[in-house]
Amino acid sequence: MRLLGGRWSLRILGLFCSWRLAHNQPAAYDPLRPSNWAEVRGSSIGESRAPARNGHAVAMLDGKMFLVAGRSNTYQNYDTSFRTSRADVWHASPPFTSWVQELQLTGDFHVQQCDAVQPGPVAPFYARHGHCLVSVRAAYYGLDKDALLLLGGFAPDPKNDVWLSSDGSMWRYASCAEKGQKERTYKERERERERERVKERRV
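In short: position in the sequence shown from 1, add 6, done, that's our numbering.
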């Protein structure tokens, strides 16, 4: 979100999509005009964008918006296999018209992607979509500042792993959810939240 002219403006990348369609064009939303979505266009020719995708996640860290993973058109992976889920990381600064890929990703590759090029454009976590990405205060691994926290997603089965990064470049494996906790899909988590909301209304 950005503060523009005294009003907050929400910017979203590739929001309007289906499982068949994916876009890579940011859009800006003015909360005072709910029906007014505007395409975010750059002023210079050749501004880079991440490959079109859906099922991705974005979060703000140190004034930059980070885009992590998602599902795109079929591409050839580093192991020569063909897939749609990605394990890439991109970032952009306001006004979010030009995106830069993190090409020197490092971290705990031994946990999931031990055969990937290190460092390189492939993250140490499995390629995934439908995951969650938030900015948090994290003391794990001695961090005492804001960090990106990546949780779960489909890789291709539902995952409940947790990854942390203080700069979007180095990703550390934090932990899995509590031992014995069932890995849940997005719909299962939503049903659980709805049951909790119903209980709260009854109290």
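Using N, Cα and C, we set each Cβ at its ideal position, and we do this for glycine too.
Per the Cβ contact rule, the region 112-124 is not in contact with the region 70-78 (fewer than 3 Cβ pairs under 8 Å). Ala-122 and Val-204 have their C-alpha atoms spaced approximately 45 Å apart.
Setting aside the 5 residues that flank it on each side, Ser-141 is surrounded in the same chain by Ala-65, Met-66, Leu-67, Asp-152, Ala-153, Leu-154, Leu-155, each with a C-beta closer than 8 Å to its C-beta; the list follows chain order.
Taking C-alpha positions only, Thr-103 is separated from Arg-207 by approximately 43 Å. Going by DSSP, Gln-82 is part of the beta strand (DSSP E) stretching over 70-82. Distance from Ala-56 to Val-74 at the Cβ level is roughly 10 Å; contact not present, criterion being Cβ atoms closer than 8 Å. Around Gly-69, the same chain offers Ser-99 as residues with beta carbons nearer than 7 Å, after the five sequence neighbours per side are excluded. Membership of Ala-93 in the beta strand (DSSP E) is indicated by the continuous run 88-98. Note on geometry: alpha-carbon atoms of Leu-157 and Asp-167 lie some 6 Å from one another. Ranking Val-95, Thr-112, Pro-127, Gln-124 by CA distance to the CA of Leu-139 puts Val-95 first.
With a 10 Å radius around the Cβ and a threshold of 16 neighbouring Cβ atoms, Arg-197 comes out exposed. DSSP, reduced to helix, strand and coil, places Val-128 outside both helices and strands of the structure shown, so it counts as coil. For Gln-124 and Pro-101, the gap between their C-alpha atoms comes out near 31 Å.
Assigned with DSSP and collapsed to three states, Val-168 falls in strand. Scanning its chain for C-beta atoms nearer than 8 Å, with the 5 sequence neighbours on each side dropped, one finds around Arg-89 the residues Thr-80, Tyr-81, Asn-83, Ala-133, in chain order. With contacts defined by Cβ atoms closer than 8 Å, Pro-162 and Ser-91 form a contacting pair. In this structure, DSSP gives Val-204 a helical state, which the three-state scheme calls helix. In the displayed model, Arg-199 falls within a helix according to three-state DSSP.
Minimum Cα-Cα distance from Tyr-179 among the listed residues Arg-199, Gln-110, Ala-129 corresponds to Ala-129. The C-beta of Arg-59 has 16 or more other C-beta atoms within 10 Å across all chains shown, which makes the residue buried.
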